[in-house]
Structures are given as structure tokens and as C-alpha cells.
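Reading through the C-alpha cells given below for one structure.
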Ligand code: NAD
Ligand code: MG
């Protein structure tokens, strides 16, 4: 019998973290959650530890280490406890796991994704922001570490499944285009005038997927699709012109690969992240994911349309950053994180998210990506620029 995979779930208390643990718990003979991490919610992390019995629990906020330890002791859970972002990265690279589910939200996930890559782990990447920021450096770390990256983002997981043997060069495989589907989010079909006053709760009410608040806002602005275009460029070596976005409101076709002979392969399934996670955990095998079978007869017609780039400008800005190259995607990502946070706090109108991102891209023209420290410095500069734009706007 093969020993179970030892899995670190970074961002265990989040939406992807919960879906991962659901799949893991279905297959105790194949998977064990050995490391669980969270940002500040010590109560939720301790509860997950009581259920999944990891060997290590890490809380990002060092001030909460004592509370986590107390809660674990009260629940009778015996596991190591650590705190801080460095401890999360160390756990991702450490001996307690062979597989890392990178499910922290935002640039905060970069260090631990890199650490897992350098250490040669199987990296299940949900944290798209880390590859958008540091694509070439993350891929270099993976090569150096000798591990493997299996995409968890549903679109990239779909493309991975539709490519021969995962990811050889696209040209050699006869691939003409990658077609990323987008649900269109909660505001599909609305005009700019209709979007002027929308609230964070409306933006987070996604019609098909249940997700964390940051990615939900990104889905509403279509920045999520923009980040995914950049992610696809890095993961599959696709030129910007070879990546197309197609709005598909039913969210059953998760993406498509078009070949030069006219064949188009698609991956379909219910909109439930457990499918992609089960695929990535078990690859190259398959395991049951707890997802009901797709009933196409009951699903009704499948629709497809082009995205409205004039209304949802964030998608156009992401393509622009990708074409500019260098660190423009990192600047785009940082500005977007600040703008989305301001929108969620009620301090920025929905349509101004794109304005903030555009202003920061203009203020900080692309530079060559040199190394992680320069990139992190650039991320800081872009955040500072975004905050200045916010102050001037309000
Ligand atoms: P979420 O907000 O539900 O969960 C985020 C997790 O990260 C939580 O466990 C939180 O404690 C942790 N976290 C947040 N900030 C942190 C910090 N500064 N330091 C350490 N830990 C921190 O988010 P989510 O929806 O699960 O998304 C996670 C990632 O996966 C994002 O990058 C998102 O784009 C990506 N993703 C999510 C989905 C989805 O369906 N939810 C789909 C595709 C990709
Ligand atoms: Mg996605």
C-alpha cells in the first residue's frame, strides 16, 4: 500500500481550504492533512485541527499564537503550534508535507508558494496572485526544486486536463489557442451607469461559485479573469494573442483548448472546486470528490458570448499589463488588492477599482523582473501609489 500524501493546507479556514479538507477527509487511506494554517481566526483553525488532527498548526498573526495553543489544549488536540508568515513558509518547505495547497489569498501567499516550489513539493496552486506577481521566478523555483505544479484554479485545471500529458510546449502539441471561460460575475450585462452604486454585498453575491470576498469582487470586475489570463500565460507558455476569454454564464465548461486541426477539447463539470482539487490531489489518478454528476439534460442550453471590455475595464487592463511584460502584472495585482480592499471597506465606488489600477500602471511603467526582493519592493511601491490615488480621489 502507498503511504498517504502528507498535505499542507495553507489558508485552511478559507473557501478553497474548506473544499480541500472535504476531499482529503473522504480518502483517509490516500491523503492526510498534516499542516493547517490560517490568518487570524484561531477559533476556526483550532476547530479544523480537532477534526483533521494535523501535526502542525500555524497562525499568521504572531499575537494569536497563545490563543491558538489554549484553544487546541482545551479541545484535547496535540499538535505543534507556530506563528508568523515565516513559519508558514517554513512549514510549506518542511518535512511534514509532500504536497502544498497554496490557498492563501493575495500577495501574502507568495513566500509560501515559492518555499514549496524551491523545496520540490507538489504545489497545488490556487493562489493565482503569486504566479501573476512572480511567474518566471516561481517557475524557476519549481525547476530548481524538482517538484511539480498542478493548477487548481478551475480554468487552468481544465486546460491542464485538455492538454496532452499535462503541459508540453503548446506549439509542439499543435495547440492554437487557450480559451478561458468566465461566468461574467454577478453584474454581467449591466451598463456602467447601473454599476455606479453597487455595494460590496452585491458584488460578493456570485451567481455560480461560493468564494472568498476578494476573489468574488475580482469576479465581479472581471479582474479575476485578467489575473487568470496572466496565470495561463505563465503556466502554459501561451502568448497573449493565443489566450481568449469567453463568457459562459452557466459555468459548466471550465475552459477549452483549440488545436490547429480545428479540434476543441473542453473540460466540463458542476461549478464546485472539489473537482479541480480532487484532480490535483490524486493526479495522475482520479478520486471521488463528493461532487454530484453533471446532468447536461437538466442544465439547459449552454451560452457563450464575448466579454464587455468597455464596461469591465479591469480585464482590458490585465491584458495591457501582460503585453507590457516585466513587472507590470505585479504592479497591476498590488494596485488591485488595495483598490478591492477599499471597495470592500465602503471607501471606493465599484467602477473606480479600474481607475485606481490604471493610474498606478501609468505611474509605474514596467521594469524587468530581476529577483524576489526587487519584486516585493515594487509591490510595496505600487500599494503606496494606489493609496495615494485613493486619498486624492476621496
Ligand atoms: P478566502 O478569503 O476564503 O480564504 C483565504 C485564506 O487565506 C484564509 O484561510 C485566510 O485565513 C488566509 N489568509 C488571508 N490573508 C492571509 C495572510 N495575510 N496571511 C496568511 N494567511 C492569510 O479565499 P479563497 O476564496 O479560499 O481564495 C484563496 C485563493 O484561491 C485566492 O488566491 C483565490 O484567488 C484562489 N481561488 C479561489 C477560488 C474559490 O473558489 N474560492 C477559485 C480559484 C482560485
Ligand atoms: Mg478561476
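In the numbering used here, the protein residues as written are 6 to 399. Here a beta-carbon is modelled for each residue, glycine too, at the ideal position from N, C-alpha and C.
Reduced DSSP category for residue i - H, G, I as helix; E, B as strand; rest coil
i	result
residue 255	coil
residue 260	strand
residue 25	helix
residue 324	helix
residue 177	coil
residue 104	strand
residue 315	coil
residue 250	strand
residue 385	helix
residue 245	helix
residue 353	coil
residue 310	strand
residue 334	helix
residue 31	helix
residue 348	helix
residue 98	helix
residue 79	helix
residue 196	coil
residue 191	coil
residue 201	coil
residue 118	helix
residue 159	helix
residue 71	helix
residue 343	helix
residue 215	coil
residue 378	helix
residue 266	coil
residue 393	helix
residue 366	helix
residue 209	coil
Start and end residues, alpha helix (DSSP H) containing residue i
i	result
residue 241	228 to 241
residue 136	133 to 150
residue 109	Residue 109 -> no alpha helix (DSSP H), and no H or E assigned at all.
residue 286	278 to 287
residue 293	Taken as a continuous stretch (DSSP letters only), residue 293 belongs to no alpha helix (DSSP H), as it is neither H nor E.
residue 47	47 to 57
residue 301	301 to 304
Those residues which DSSP pairs with residue i across a bridge
i	result
residue 42	15, 63
residue 2	Because the chain spans 6 through 399 in this model, residue 2 falls outside it and cannot be assessed.
residue 86	62
residue 220	Residue 220 pairs with nothing; no bridge assigned.
residue 127	104, 153
Residue range of the unbroken beta strand (DSSP E) whose run includes residue i
i	result
residue 180	180 to 187
residue 269	269 to 273
residue 372	No beta strand (DSSP E) holds residue 372; DSSP gives it neither H nor E.
message: Considering only heavy atoms of ligand 2 and the C-beta of each residue, which residues fall inside 6 Å, strictly closer?
response: 158, 159, 160, 233
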